[in-house]
Amino acid sequence: MRLDIITIFPEMFIGPFSYSIVKRAIDKGLVEIHLHNLRDYATTKHKNVDDYPFGGAAGMVLMIEPIDRCITHLKGQREYHEVIYLTPDGILLNQPLANHISTKQNLILLCGHYKGIDERVRQHLITLEVSIGDYVLSGGELAAAVLSDSLIRLIPGVLGDETSALSDSFQDNLLSPPVYTRPAVYKDWAVPDVLLSGHERKIHEWQHEQAIIRTQSRRPNLLEF
608 MRLDIITIFP
618 EMFIGPFSYS
628 IVKRAIDKGL
638 VEIHLHNLRD
648 YATTKHKNVD
658 DYPFGGAAGM
668 VLMIEPIDRC
678 ITHLKGQREY
688 HEVIYLTPDG
698 ILLNQPLANH
708 ISTKQNLILL
718 CGHYKGIDER
728 VRQHLITLEV
738 SIGDYVLSGG
748 ELAAAVLSDS
758 LIRLIPGVLG
768 DETSALSDSF
778 QDNLLSPPVY
788 TRPAVYKDWA
798 VPDVLLSGHE
808 RKIHEWQHEQ
818 AIIRTQSRRP
828 NLLEF
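Going letter by letter, the sequence shown gives residues 608 to 832 in the working numbering.
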C-alpha cells in the first residue's frame with residue numbers, strides 16, 4: 608500500500624508514524640507513506656495556500672490551485688484508487704469502511720484546515736470523504752493519522768498474528784470480548800476458569816458470548832443491523 612498525504616503541517620505525522628505497528632509496517636516495506644507539503648505547490652511569493660471566502664463568511668479557505676497542482680503531480684506518476692478528503696461531514700469511519708479502503712493499493716489523503724477547502728476540490732478532485740467522528744478538529748492531520756493506522760494494520764503481514772485483525776472490535780458488528788494475561792490470580796482477582804481450561808470450543812463460545820454481552824451493554828446500536 609502507498610499513502611500520499613497532502614498537508615500544510617507534515618511535521619504532525621512524525622510521531623504517529625515513528626512507532627509501533629505503523630513503523631514496523633514501513634520498515635518491512637509493506638506500506639509507503641509520503642508526505643507532501645501543500646505550500647510547495649503554491650504559486651505566490653509567500654507560498655499562500657489559503658484566502659478569504661467569497662460571501663464574507665468568517666475563517667479562511669484552502670485554495671483550489673495548490674491542491675489541484677499537488678494532486679495532478681501525484682497522478683502523473685501513478686494511478687490512485689481513491690483521493691480521500693478528511694472532513695467532519697464525510698462518511699463515518701467504521702471497521703467495514705476501513706476493511707474496504709484497505710483493499711486499495713494507492714491512496715491520496717487530503718488534510719483540510721482552517722474553514723475548509725474550496726468546494727470545487729470536493730466536486731472535481733475528491734473521490735471519497737471520510738469523517739472520524741461527529742466533532743471538529745483543528746485540521747485533518749490527526750484524522751488522516753487515524754485513518755492510516757486503521758488501514759495499515761489490515762495489510763497482510765503487518766500484524767504478528769494474521770488472525771489478530773480479524774478478532775478486533777467491530778469486525779462482526781461486535782465489540783471485542785475481555786482479554787487476560789498472566790498472572791492467573793492477582794489480589795484475589797482471578798481469570799475466568801474457562802480461559803485456563805485449554806478447551807478451544809468452550810473458550811470460543813465464552814468469548815463470543817462475552818462479546819455479545821459487552822456490545823449489548825456499551826454499543827447496542829451495533830446489533831440493530
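Backbone N, C-alpha and C fix where the C-beta goes; we use that ideal spot for every residue, glycine too.
Quick caveat, the model's predicted, so the values are computed rather than measured.
Legend entry - Neighbourhood of residue 666 by C-beta, 6 Å cutoff - its chain only, sequence neighbours within 5 removed: Result list for residue 666: 721, 722, in chain order.
Inset, instruction - Identify every residue that forms a DSSP beta bridge with residue 746. - result: Partner(s): 720.
Inset, instruction - Give the straight-line distance between the Cα atoms of residue 700 and residue 750, rounded to the nearest whole angstrom. - result: Approximately 10 Å, taken between the alpha carbons.
Inset, instruction - Under 6 Å Cβ to Cβ from residue 821, same chain only, skipping five residues before and after it: list those, please. - result: Excluding sequence neighbours, residue 821 sits near 782.
Legend entry - Nearest to residue 719 (by Cα), restricted to the options 697, 633, 747: Nearest Cα to residue 719 within the set 697, 633, 747: 747.
Legend entry - With 16 other Cβ atoms within 10 Å as the buried cut-off, status of residue 611: With 16 or more other Cβ atoms from the protein chains shown falling within 10 Å of its own Cβ, residue 611 counts as buried.
Inset, instruction - Report the partner residues of residue 669 according to the DSSP bridge assignment. - result: Its beta-bridge partners are 657, 724.
Inset, instruction - Give the DSSP-derived three-state secondary structure of residue 780 in the structure shown. - result: Three-state DSSP puts residue 780 in coil, outside helix and strand.
Inset, instruction - Count the CB pairs spanning the stretch 686-703 and the stretch 724-738 that are closer than 8 Å, and state whether there are at least three. - result: Counting Cβ pairs under 8 Å, three or more are found: they touch.
Legend entry - Among 689, 693, 637, nearest to residue 753 - alpha-carbon criterion: Minimum Cα distance to residue 753 is reached at 693.
Inset, instruction - Out of 691, 765, 717, state which residue places its alpha-carbon closest to the alpha-carbon of residue 708. - result: The residue with the shortest Cα to Cα distance from residue 708 is 691.
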